[in-house]
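Residues in the sequence shown are numbered from 1 upward in steps of one, following the UniProt record's numbering. These notes concern the structure reproduced below.
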Amino acid sequence: MTSMLNKNSTVTYLPGCSPFDAPQVAEKETVVVTSVASDSHTWNLVYLQLLIEELGYEVVNLGPCVPDELMVSECRDIDPAMVVISSVNGHGYQDGMRVVGQLREALGDTPMVIGGKLGIAAGGDTSFLDELLEAGFDDVFEDGVRGVEEFKAFVASIPARTARRTATVTPLRRVA
1 MTSMLNKNST
11 VTYLPGCSPF
21 DAPQVAEKET
31 VVVTSVASDS
41 HTWNLVYLQL
51 LIEELGYEVV
61 NLGPCVPDEL
71 MVSECRDIDP
81 AMVVISSVNG
91 HGYQDGMRVV
101 GQLREALGDT
111 PMVIGGKLGI
121 AAGGDTSFLD
131 ELLEAGFDDV
141 FEDGVRGVEE
151 FKAFVASIPA
161 RTARRTATVT
171 PLRRVA
């Protein structure tokens, strides 16, 4: 394709390389990344934000020490494609069990995961993982049990929500 810049110059593009050939990019889905009320760590949230952005999502990072009410209200307002809760202080299980019901009530079937160091039990006791799933999380990524590759596979399995949303159409009015 050839494009005129002005009447004296032209630019020739290789086939498929013209800006006119660029595919239409769909609007990116938004993922909320947050910690729980008791966790002040931030490095895990920054890491998750960068990872999820690399997977093609926009990320709203609510930060550390997020009170339950704030987490729920922000998620309700944002209407994310997924909620990712991370905790590294060992209290993620307790905080996650407390907030997941409120999130489910506000967001319905929106995918929700929790991960990190979720418990403080010695010896790698992970018996609480099933409780988190039964409480409403779609998946649980306990530190040392399931890692980044499993998380990426989970994210890849989420269907595009934009396909499920229906457009609101305002009918045309007849003019008499």
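Note that the Cβ used here is the ideal one computed from N, Cα and C, for glycine as well. Fair warning: this is a prediction, and the values are worked out from it, not measured in the lab.
_C-alpha distance - Ser73 paired with Ala121, whole-angstrom precision_ = Here residue 73 is taken as the residue at index 73 of the sequence shown, counted from 1. Here residue 121 is taken as the residue at index 121 of the sequence shown, counted from 1. Those two C-alpha atoms are separated by around 32 Å.
_Which residue marks the beginning of the alpha helix (DSSP H) containing Val72, and which one marks its end?_
Locating residue 72 in the sequence shown gives position 72, counting from the first residue. Segment Asp68 to Ile78, the alpha helix (DSSP H) holding Val72.
*Please report how far the alpha carbon of Met112 lies from the alpha carbon of Glu150, in whole angstroms.*
Locating residue 112 in the sequence shown gives position 112, counting from the first residue. Locating residue 150 in the sequence shown gives position 150, counting from the first residue. Distance between the alpha carbons of Met112 and Glu150 is about 15 Å.
*Residue from Arg104, Asp39 and Asp79 whose Cα sits closest to the Cα of Leu132*: For this step, residue 132 is matched to residue 132 along the sequence shown. Nearest of Arg104, Asp39 and Asp79 to Leu132, Cα basis: Arg104.
_Straight-line Cα distance separating Leu107 from Arg76_ = By 1-based counting over the sequence shown, the position of residue 76 is 76. By 1-based counting over the sequence shown, the position of residue 107 is 107. Linking Arg76 to Leu107 through their CA atoms gives a straight-line distance of about 6 Å.
*To the nearest angstrom, report how far apart Arg146 and Asp138 are at their CA atoms.*
Counted from its first residue, the sequence shown places residue 146 at position 146. Counted from its first residue, the sequence shown places residue 138 at position 138. Computed Cα separation, rounded: 14 Å.
*Looking at the unbroken beta strand (DSSP E) that takes in Phe154, where does it start and where does it end?*
Position 154 of the sequence shown holds residue 154. Element bounds for Phe154: not the beta strand (DSSP E) but the alpha helix (DSSP H), Val148 to Ala156.
*Output yes or no for whether 8 Å exceeds the beta carbon distance between Thr42 and Gly63.*
Walking along the sequence shown from the start, residue 42 turns up at place 42. Walking along the sequence shown from the start, residue 63 turns up at place 63. Against a cut-off of 8 Å, the Cβ pair of Gly63 and Thr42 comes out as a contact.
_Contact belief for Gly92 with Gly116 at Cβ below 8 Å, rounded distance in angstroms_ = Taking the first residue of the sequence shown as 1, we reach residue 92 at position 92. Taking the first residue of the sequence shown as 1, we reach residue 116 at position 116. The pair is a contact, with the Cβ atoms about 6 Å apart (cut-off 8 Å).
*Look at the alpha carbon of Ser157 and the alpha carbon of Glu53, and state the distance between them as a whole number of angstroms.*
The residue you call residue 157 lines up with position 157 of the sequence shown. The residue you call residue 53 lines up with position 53 of the sequence shown. Cα to Cα, Ser157 sits roughly 16 Å from Glu53.
*asked:* Can you tell me whether Phe141 sits near the ligand GTP, meaning its C-beta is under 7 Å from at least one heavy atom of the ligand?
replied: Among the components of this structure there are no ligands whatsoever, and the ligand GTP is therefore not found.
_Is the separation between the beta-carbon of Val32 and that of Val84 shorter than 8 Å?_
For the purposes of this step, residue 32 is identified with residue 32 of the sequence shown, where counting begins at 1. For the purposes of this step, residue 84 is identified with residue 84 of the sequence shown, where counting begins at 1. Yes, the Cβ-Cβ distance between Val32 and Val84 is below 8 Å.
*How would you label Glu27, buried or exposed, when you count the other beta carbons within 10 angstroms and need 16 or more for buried?*
Looking up residue 27 in the sequence shown gives position 27. Per the 10 Å Cβ criterion, exposed.
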